[in-house]
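Novice: Following this message is one structure expressed as structure tokens.
Number of protein chains: 4
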Amino acid sequence: MIKAGIIGSTGYAGGELARLLLQRDDVEIIWYGSKSYVDQKYASVYQNMYKIVDDSCLDDNIEVLAEKADVIFTATPQGYLASLLNDTILSKTKVIDLSADYRIKDVAVYESWYKMVHKTPQYIEEAVYGLPELNREKIKDARLIANPGCYPTCSILSIYPLIKEGLVDPLSIIIDAKSGTSGAGRGAKTDNLYCEVNENIKAYGVGVHRHIPEIEEQLSYGSNNPVTISFTPHLVPMNRGILVTAYGTLKKEVSSEEIKAIYDKYYKDEYFVRVLKDDITPQTKWVEGSNFVDVNAIVDKRTNRVVMMGAMDNLVKGAAGQAVQNMNLLFGLPEQKGLKLVPMFP
Amino acid sequence: MIKAGIIGSTGYAGGELARLLLQRDDVEIIWYGSKSYVDQKYASVYQNMYKIVDDSCLDDNIEVLAEKADVIFTATPQGYLASLLNDTILSKTKVIDLSADYRIKDVAVYESWYKMVHKTPQYIEEAVYGLPELNREKIKDARLIANPGCYPTCSILSIYPLIKEGLVDPLSIIIDAKSGTSGAGRGAKTDNLYCEVNENIKAYGVGVHRHIPEIEEQLSYGSNNPVTISFTPHLVPMNRGILVTAYGTLKKEVSSEEIKAIYDKYYKDEYFVRVLKDDITPQTKWVEGSNFVDVNAIVDKRTNRVVMMGAMDNLVKGAAGQAVQNMNLLFGLPEQKGLKLVPMFP
Amino acid sequence: MIKAGIIGSTGYAGGELARLLLQRDDVEIIWYGSKSYVDQKYASVYQNMYKIVDDSCLDDNIEVLAEKADVIFTATPQGYLASLLNDTILSKTKVIDLSADYRIKDVAVYESWYKMVHKTPQYIEEAVYGLPELNREKIKDARLIANPGCYPTCSILSIYPLIKEGLVDPLSIIIDAKSGTSGAGRGAKTDNLYCEVNENIKAYGVGVHRHIPEIEEQLSYGSNNPVTISFTPHLVPMNRGILVTAYGTLKKEVSSEEIKAIYDKYYKDEYFVRVLKDDITPQTKWVEGSNFVDVNAIVDKRTNRVVMMGAMDNLVKGAAGQAVQNMNLLFGLPEQKGLKLVPMFP
Amino acid sequence: MIKAGIIGSTGYAGGELARLLLQRDDVEIIWYGSKSYVDQKYASVYQNMYKIVDDSCLDDNIEVLAEKADVIFTATPQGYLASLLNDTILSKTKVIDLSADYRIKDVAVYESWYKMVHKTPQYIEEAVYGLPELNREKIKDARLIANPGCYPTCSILSIYPLIKEGLVDPLSIIIDAKSGTSGAGRGAKTDNLYCEVNENIKAYGVGVHRHIPEIEEQLSYGSNNPVTISFTPHLVPMNRGILVTAYGTLKKEVSSEEIKAIYDKYYKDEYFVRVLKDDITPQTKWVEGSNFVDVNAIVDKRTNRVVMMGAMDNLVKGAAGQAVQNMNLLFGLPEQKGLKLVPMFP
């Protein structure tokens, strides 16, 4: 039995982690950590858990938790884990961090985009970027996993094959991303009220969103050249789901069939990445509640561009599901264990 | 391995049956029956199933299917199964009917409300009304299960304890029900277009909805007196979920605590019925994707009435999940097998 | 030119008042009052007003405003106006109060339901309940209008004809009401976040909602007997709209045609109340953005009950539109002036 | 009194035309044309019009209508008007065509993208592209107005100033557009059912959408160079609204302030185009129900690109509102007449 603790269990990503882990018989959640709800029943914070979870929320004392847990998930604000992590913790437990603290290798880049000083840069080198489709082997031996961001997961998986194969100009990529509102978290803000989001769509963080350096870094590894992207996220009136529509200039003439063959080459053994047939475009509803990413790419000969698309559930493959996928790898379990959820439609 | 066939697999209830059964390793779906999509890939009808189901749709020949299947689910229009059922089929396989064909014991009542002649009334007597919380033992030995309607499931489970205990006047009950739009099916009708349903709520079928006699019959069994209800369904802009708000006149003074104790008495061992604490009101989102029904009742002393409330997912406990629960009972399996899904929130 | 001031202009009802008044050429808004946004541009609070309103928010000093305004609208929390109102204000300006401070004639009832001491009960007698369809003549001469609540407006107009005619048992009435989320206001609360409301429906305030005494008082005037109601409001995933489904026991046998004739008798000259034909049920989308209330009633012979339904836009006829209708009456203008908005569909 | 007829009045754009024209006292709708609902009450097709419109639908005989009407709006399928238009009609009445029949000057381009033969190409030259912000003077004297498409209106107004000023590379433009579902029309299709659209977002028509040549032609006029665009429309779960996010490579270094100054130069006298301040991004909800287009542009120095954004109501400025704006110009009326609707929020 794997003993798991969740620091930040009362946010949406934390709640989703609980949902996924509670459906397993080989994992026990021993710690529902929270800053705001200590001593309150977890099921009073998430009534969907009523009669499923009887625990009350504990504080976020990661040092105490490290004594007891085989794995700790931190679904916490930026900088939180970085301010606490130490050798003792890492010697006693595995840590899967859903924040961005250890995602970016260049600490200067991190500090510039996140506008904070990194308190424990000494662990950045060791941390493994937890995108199993790219880093499966490294993940297996890691102590510290930097679980990827939601937009980066969907963007990278949509674009990676063509950038890796050198088919797309690394300076041409434009990513227009659309996210459901759970990505904005459970904090009580006027901007996220039902009446403000419903029947509305907007762009935000144009050119300055903090997922930009994360996407650029990972794609640059694939390209062996610096990749610079334009990235615009949008808030969409739905609870879950991210859709990425990415545009890249083709470096040579290539047919749709060749493009498809490349995606198949990269993903044919990847359970969680589904390359759609023909010109079928990904839809977020087709992956809701599951760990799948649906991708496809369409060549636009008129403009010599390729449109690369991906859809996933931001709380599953974009956060909690991917964290569980990483946990499976860390513990030598089948990667799909507990994650073969069929998407819920409608 | 239980071999299961689904007639009507391309409607929303059929799709949900597939979703639930595909997550099990002891059931194999051997027949995706369809009227409109024969020979088309099932995953092209439900793209969420892509790379999960490779089968194509078969026709709806229940006689051929009965030769091969251990259990047949019929998620078909009213009158369809009634026009085909025969002894041969019932001798070879179990049948779980998600239509209303065998739910109502009085064939005259059926024919009056459904405005059609019942073709095989000889099987009505034998059919077991598949609400496990009321009829668990009978279900275990049945050949033919009449899987309850969505509104009836939620209404009966919300009201039954108080009617059974004789606390509520059987002629006083008013049920105001609200359903997500998946209850209206996948047929292409203007009334169910996104733009017509979104930002809108309406009542429909006032006083004439066909679930009325089904609810009245089952509550009358509990009451040992004829129960006559007012029932008004409403269409709500959401995909899934039914909320029942039922009003009954109390036959004697009773406290909220006593009411709660009665619900606990009936449901304390029922995994799928959650009696909420205090005055917490059920919310459909708290049960989405799961087989739970959340119920609660609040006494309104001023009016001498009790407000009985229930929330469930119309496609799960209201259709496919309940059918699987019945299948589990039919095959001597643990009743919760494959149904311990944690509700998805948000 | 009527000079109008709005205290509480930055809530949803205040914003709707601005929307309606800005479309008129005989009214000038001279005061956008606010507690939280003083000195900020009103159009930065409501970006839909950009380039339409250039004013900044002022404070909520009603005494200063009374010197300048011909009419003051107070869209403020309960008890606010009651704590400030005085003879000087009322001698200088008309006041249309969108809060509940002066709606209920029995101060003890008010204090019991609202759980606060009424600071200026001396104005309750004088205040006119601003439902023009019932109190048109009194409104014309008033200084202080108690603008009705959203649920009461829809409930009373749906039920009044039958209670007035003595056809419905005054102790039998059950009102099941459904509201869009704008009724919950613009305050930043977790419960009203998009992800908590979307794909969800729930009852709230069962038996204790503060609109109950208001509805009972007005219906009792019609009945000449005490009316006691069961009332359950529900939160629905849509921005605007209230649907009322009310149930009453008929005191004698009456046909649907007779019922319809009664509604026609009461409303045939009422521009804003539309009695729907046949068994057509009201839909909130059909009145969105307009001052209409659509009503209809269906007799259920089986149960000897009548189902009375009404739909309206909670921010228009349920708040700002009705306030403007009252303003028109107060100033001797045509009642429909500025309110002949065609509902927006879809 | 202007006598107006609407051919295709029962689609969403036709219904919106009725909504806008009914609020005027200088226009009379004399013809509610329909193919499917002849002799049925218009208010039974659009119940929001109940007690506002008493007319029944007439057929779509444009020749008869031309005898009576001062202006005819055709909100009809592609090719419909082109198959009927003749000199007699144009000699008797003004025609404002909401279809694409006369939008594209090069008939070969039209026939290639629309995959149909143009029946009356002789009128293409005469037809004026009815985007008042670009073609105001020509519109005033026209007989035949080609009312722009929804995506083109929003795209062109968002991009035009920078392409006209030569600041953006005409071959670099990528338009990622998002539309509410009313853009898909009122036809009963499974893809547009509530349950299929809700909680979902997808791209469609990637690289092949028929609005592409329309946008390219108009931008090319501005550029004096051929403009070739990538264009990807998306279906968003909301009724109304289009958001355009367009990306262009800057031909020289330019500051955000300079960019803003250019937009102000083009739009400072345009009532319906609102250039937002600072880095505020357009939101569709801020323009809902109105004829406004909100635009803004943000320079991304890292990538040397500019992100140009626009939001509007697809049924108003994207269809019916613009048609009314054109009608005003055709009849020498103030351009904003009947269109000074304040956006509805929330």
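Residue numbers (our numbering), protein chains in the order written: chain A, 1102 to 1447; chain B, 1102 to 1447; chain C, 1102 to 1447; chain D, 1102 to 1447. Even for Gly, the Cβ is constructed at its ideal location relative to N, Cα and C. Note that this is a predicted model, so its numbers are computed, not measured.
#1: Any chance the region 1306-1315 of chain C sits against the region 1248-1264 of chain C, with 3 or more Cβ pairs inside 8 Å?
#2: Spell out whether any CB of chain B is found under 9 Å from the CB atom of aspartate 1446 (chain A).
#3: Are the region 1282-1299 of chain B and the region 1255-1272 of chain B touching by the rule of at least three beta carbon pairs closer than 8 Å?
#4: Any C-beta of chain A within less than 9 Å: which residues of the region 1370-1391 of chain D qualify?
#5: Taking 8 Å as the cut-off, does the region 1127-1140 of chain C touch the region 1184-1202 of chain C (at least 3 CB pairs, one atom from each stretch)?
#6: How many angstroms separate the CA atom of glycine 1281 (chain A) from the CA atom of proline 1447 (chain B)?
#7: Tell me whether methionine 1102 (chain B) is buried or exposed, calling it buried when 16 or more other Cβ atoms sit within 10 Å of its Cβ.
#8: Using 8 Å as the Cβ pair cut-off and three pairs as the minimum, do the region 1426-1440 of chain B and the region 1160-1169 of chain C touch?
#9: Which residue marks the beginning of the alpha helix (DSSP H) containing lysine 1193 (chain B), and which one marks its end?
#10: Looking only at C-alpha atoms, which of D:Ala1347, D:Pro1233 and D:Glu1354 sits nearest to glutamine 1426 (chain D)?
#11: In chain C, what lies closer than 9 Å to leucine 1123 (chain D) by C-beta?
#12: Return the chain-ordered list of same chain residues with a C-beta closer than 7 Å to the C-beta of asparagine 1301 (chain B), the five sequence neighbours on each side being excluded.
#13: So, does the CB of lysine 1290 (chain D) fall closer than 9 Å to a CB anywhere in chain B?
#14: What would DSSP say about alanine 1209 (chain B), mapped onto helix, strand or coil?
#15: Identify whether lysine 1136 (chain D) lies in helix, strand or coil by the three-state DSSP scheme.
#16: Starting from the Cα of proline 1383 (chain D), find the closest Cα among C:Ser1145, C:Gly1116 and C:Arg1120 and give me that residue.
#17: Quick check on the DSSP output: what are the complete alpha helix (DSSP H) runs of length 4 or more inside the region 1201-1274 of chain B, in order along the chain?
#18: Below 8 Å, can you find three or more Cβ-Cβ pairs linking the region 1414-1428 of chain D to the region 1315-1332 of chain A?
#19: How would you label asparagine 1397 (chain A), buried or exposed, when you count the other beta carbons within 10 angstroms and need 16 or more for buried?
#20: Do methionine 1409 (chain D) and aspartate 1395 (chain D) have their C-beta atoms closer together than 9 Å?
#21: Reducing DSSP to helix, strand and coil, say where glutamine 1384 (chain D) ends up.
#22: Report the neighbours of lysine 1152 (chain C) on chain D: residues whose CB is nearer than 7 Å to its CB, in chain order.
#23: Taking valine 1408 (chain C) as the query, report the chain B residues whose CB atoms sit under 8 Å from its CB, ordered along the chain.
#24: Three-state secondary structure (DSSP) at proline 1327 (chain D)?
#25: Could you check which residue in A:Asp1380, A:Ala1176 and A:Leu1123 has the C-alpha nearest to that of glycine 1306 (chain D)?
#26: What do you get for threonine 1175 (chain D), buried or exposed, if any count of 16 or more other CB atoms within 10 angstroms of its CB means buried?
#27: Taking the continuous beta strand (DSSP E) assigned at glutamate 1347 (chain A), which residues delimit it?
#28: Closer than 9 Å by beta-carbon distance: list the chain A residues that pair up with leucine 1416 (chain C), in chain order.
#29: Bridge partners for alanine 1362 (chain C) per DSSP, in chain order?
#30: Taking only the alpha-carbon atoms, compute the straight-line gap between glutamate 1226 (chain B) and lysine 1206 (chain B) and give it to the nearest angstrom.
#31: Compare the beta carbon distance of aspartate 1277 (chain C) and threonine 1333 (chain C) with 9 Å and say whether it is the shorter of the two.
#32: Looking at the structure shown, is asparagine 1427 (chain B) part of a helix, part of a strand, or coil, going by DSSP?
#33: Mind pulling the chain D residues with CB within less than 8 Å of glutamate 1300 (chain B)?
#34: Excluding the 5 residues preceding and the 5 following arginine 1287 (chain D) in the sequence, name in chain order all residues of the same chain whose CB lies nearer than 6 Å to its CB.
#35: In whole angstroms, give me the CA-to-CA distance for phenylalanine 1393 (chain B) and threonine 1189 (chain A).
#36: Name the DSSP bridge partner or partners of glycine 1286 (chain A)?
Specialist: Based on what the coordinates show:
#1: Result yes; three or more Cβ-Cβ pairs closer than 8 Å.
#2: The sequence as given places phenylalanine at residue 1446 (chain A); aspartate does not occur at that position. With 9 Å as the cut-off, phenylalanine 1446 (chain A) counts as an interface residue toward chain B.
#3: no
#4: Asp1380, Thr1382, Pro1383, Gln1384, Thr1385, Lys1386, Trp1387 and Glu1389
#5: no
#6: 11 Å
#7: Per the 10 Å Cβ criterion, exposed.
#8: Segments in contact, no.
#9: 1188-1193
#10: D:Pro1233
#11: Lys1441 and Val1443
#12: Pro1338
#13: Yes - at least one Cβ of chain B is within 9 Å of the one on lysine 1290 (chain D).
#14: Alanine 1209 (chain B) falls in the helix class under three-state DSSP.
#15: coil
#16: The candidate whose alpha carbon is nearest that of proline 1383 (chain D) is C:Ser1145.
#17: 1208-1215, 1233-1241 and 1251-1265
#18: no
#19: buried
#20: no
#21: strand
#22: Arg1375
#23: Ala1304, Val1307, Gly1308, Ser1331 and Thr1333
#24: If DSSP states are grouped into helix, strand and coil, proline 1327 (chain D) belongs with coil.
#25: A:Asp1380
#26: With 16 or more Cβ atoms within 10 Å of its Cβ, threonine 1175 (chain D) is classed as buried.
#27: This sequence places alanine at residue 1347 (chain A); glutamate is not what is there. Element bounds for alanine 1347 (chain A): 1343-1350.
#28: Those do not exist, as leucine 1416 (chain C) stays about 10 Å from chain A at its closest Cβ, beyond 9 Å.
#29: Beta-bridge pairing links alanine 1362 (chain C) to no other residue.
#30: Each residue's Cα considered, the two are about 7 Å apart.
#31: yes
#32: helix
#33: Asn1340
#34: Gly1112 and Tyr1113
#35: Answer to the nearest angstrom: the Cα atoms are 43 Å apart.
#36: Looking at the DSSP assignment, glycine 1286 (chain A) forms no beta bridge with any residue, so it has no partner.
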